[in-house]
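This report concerns only the one structure given below.
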Amino acid sequence: MKPQSAVYVHESRPDLEEAGVRIRMWECTTSSNSYKDAEGNTQFYLPGDPQYKDPRGFTDFPDIPGQSLNPIFDAEQ
Amino acid sequence: MSKTIVAAAAALLISGAAFAHHSFAMFDSSQHKLVEGVVTEWNYNNPHSWLVIEAPGADGKTTTWSFEGAAIVHAARQGVNGKSYVKGEHVRVVMHPLRDGRNAGALCFVIKEDGTFTRPNDGICNSDAMYARWQEKGWLASGKHLDTHPTAD
Numbered sequence: 000m001k002p003q004s005a006v007y008v009h010e011s012r013p014d015l016e017e018a019g020v021r022i023r024m025w026e027c028t029t030s031s032n033s034y035k036d037a038e039g040n041t042q043f044y045l046p047g048d049p050q051y052k053d054p055r056g057f058t059d060f061p062d063i064p065g066q067s068l069n070p071i072f073d074a075e076q
Numbered sequence: 000m001s002k003t004i005v006a007a008a009a010a011l012l013i014s015g016a017a018f019a020h021h022s023f024a025m026f027d028s029s030q031h032k033l034v035e036g037v038v039t040e041w042n043y044n045n046p047h048s049w050l051v052i053e054a055p056g057a058d059g060k061t062t063t064w065s066f067e068g069a070a071i072v073h074a075a076r077q078g079v080n081g082k083s084y085v086k087g088e089h090v091r092v093v094m095h096p097l098r099d100g101r102n103a104g105a106l107c108f109v110i111k112e113d114g115t116f117t118r119p120n121d122g123i124c125n126s127d128a129m130y131a132r133w134q135e136k137g138w139l140a141s142g143k144h145l146d147t148h149p150t151a152d
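So the protein lines, in turn, are chains F and V. If you count the first sequence from 1, position 68 lands on 67 in numbering that gives the first Met the number 0, and the numbers rise without skipping. If you count the second sequence from 1, position 142 lands on 141 in numbering that gives the first Met the number 0, and the numbers rise without skipping.
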């Protein structure tokens with residue numbers, strides 16, 4: 000059995016960083032409040048609904064840079 | 000390290016935005032409604048951004064309104080970023096309401112207190128035809144034109 004390896008190539012995007020892009024925001028399962036209702040239609044859980052979740056997702060390791068939920072719009076949370 | 004993470008995030012968010020996340024059938028695109036209030040949250044997130052405001056209801060009580068906007072990559076193309084709406088600022092939001100009558104809608108555009116027009120929209124609100132319709136009605140010239148606008152068209 001051979002060990003597998005991979006090479007990741009990336010390009011820095013300081014413009015996105017400046018624009019407030021945060022990691023984890025692409026995870027629909029943690030950041031989306033849409034669901035399919037009994038009739039098969041898409042609906043939303045809205046603020047105040049018990050199923051509503053913070054659309055900014057969750058943070059496993061809030062002390063790690065880039066992981067904080069602390070958003071630009073509300074520094075108190 | 001953080002730039003690596005941001006770059007990886009950028010790649011993923013761009014690829015993630017390539018598919019439609021859900022239909023827009025829950026919104027009534029035959030109606031435009033104006034809601035005016037104060038920003039409480041600007042969730043600059045995928046799969047959709049959401050703007051949440053507090054607005055006075057007909058009974059005078061404050062109610063929460065939520066508006067679904069574009070995914071990050073689309074919002075960014077339209078000049079909207081994570082700093083575009085600040086908690087506490089007054090905004091006027093024009094949207095297509097939810098058919099079920101709850102306090103939410105598809106975000107069409109936002110006019111800030113200084114008259115700045117912003118448009119982090121997608122789906123049924125994001126078309127040249129829709130933009131032309133707003134222009135024709137005079138809604139984009141200035142925030143004051145919205146005073147005569149709103150609830151149906």
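Ideal Cβ positions, reconstructed from N, Cα and C, are used throughout, including at glycine. Just so it is clear, the structure is predicted and the values come from calculations on it, not from any experiment.
Reference residue i, options the options, closest by Cα
i, options, result
"Asn40 of chain F", "V:Asp127, V:His89, V:Ser22 and V:Tyr43", "V:Ser22"
"His31 of chain V", "V:Gly59, V:Leu106 and V:Trp64", "V:Leu106"
"Gln42 of chain F", "F:Gln50, F:Ser33 and F:Asp48", "F:Ser33"
"Leu15 of chain F", "V:His73, V:Met129 and V:Gly114", "V:His73"
"Leu139 of chain V", "V:Gly122, V:Arg91, V:Arg101 and V:Gly100", "V:Arg91"
"Leu45 of chain F", "V:Thr62, V:Gly114 and V:Arg76", "V:Thr62"
"Asn102 of chain V", "V:Glu40, V:Trp41, V:Gly56 and V:Asn42", "V:Gly56"
"Cys137 of chain V", "V:Phe116, V:Asn125, V:Tyr84 and V:Ile71", "Per the sequence shown, the amino acid found at residue 137 of chain V is Gly instead of Cys. Per the Cα distances, V:Phe116."
"Asn125 of chain V", "V:Asp113, V:Lys82, V:Trp41 and V:Glu67", "V:Glu67"
"Ser29 of chain V", "V:Phe108, V:Arg98 and V:Ile110", "V:Arg98"
"Phe26 of chain V", "V:Val109, V:Glu112 and V:Gly104", "V:Gly104"
"Asn80 of chain V", "V:Asn44, V:Ala24, V:Ile110 and V:Glu135", "V:Asn44"
Where residue i falls, given that 16 or more other Cβ within 10 Å makes a residue buried
i, result
"His95 of chain V", "buried"
"Asp121 of chain V", "buried"
"Pro46 of chain V", "buried"
"Arg76 of chain V", "exposed"
"Gly87 of chain V", "exposed"
"Pro54 of chain F", "buried"
"Val8 of chain F", "exposed"
"Ala24 of chain V", "exposed"
For residue j and residue i, the rounded distance between their alpha carbons
i, j, result
"Ser30 of chain F", "Gln50 of chain F", "12 angstroms"
"Trp133 of chain V", "Glu17 of chain F", "31 angstroms"
"Val38 of chain V", "Ala69 of chain V", "17 angstroms"
"Val153 of chain V", "Gly59 of chain V", "Nothing in the structure corresponds to residue 153 of chain V, since chain V is present only between 0 and 152."
"Met0 of chain F", "Val6 of chain F", "19 angstroms"
"Met129 of chain V", "Ile71 of chain V", "21 angstroms"
"Asp48 of chain F", "Pro2 of chain F", "48 angstroms"
"Val109 of chain V", "Arg118 of chain V", "6 angstroms"
"Ser4 of chain F", "Glu112 of chain V", "54 angstroms"
"Ser65 of chain V", "Gly100 of chain V", "12 angstroms"
"Glu38 of chain F", "Val93 of chain V", "28 angstroms"
"Asp79 of chain F", "Ile123 of chain V", "Examination of residue 79 of chain F is not possible in this model, given that chain F is present from 0 through 76 alone."
"Thr28 of chain F", "Arg12 of chain F", "25 angstroms"
"Lys82 of chain V", "Ala54 of chain V", "21 angstroms"
"Glu135 of chain V", "Asp127 of chain V", "12 angstroms"
"Ala131 of chain V", "His89 of chain V", "25 angstroms"
"Arg23 of chain F", "Glu10 of chain F", "Reliability fails at Arg23 of chain F, whose pLDDT of 49 lies under 50, so the model's placement of it is uncertain and the value that follows must be treated cautiously. If you take the alpha carbons of Arg23 of chain F and Glu10 of chain F, they lie about 18 angstroms apart."
"Lys52 of chain F", "Gly114 of chain V", "32 angstroms"
Beta-carbon separation (whole angstroms), residue i vs residue j, contact threshold 8 angstroms
i, j, result
"Trp41 of chain V", "Tyr84 of chain V", "4 angstroms"
"Gly78 of chain V", "Ile52 of chain V", "With 8 angstroms as the limit, Gly78 of chain V and Ile52 of chain V do not qualify as a contact, their Cβ atoms being about 20 angstroms apart."
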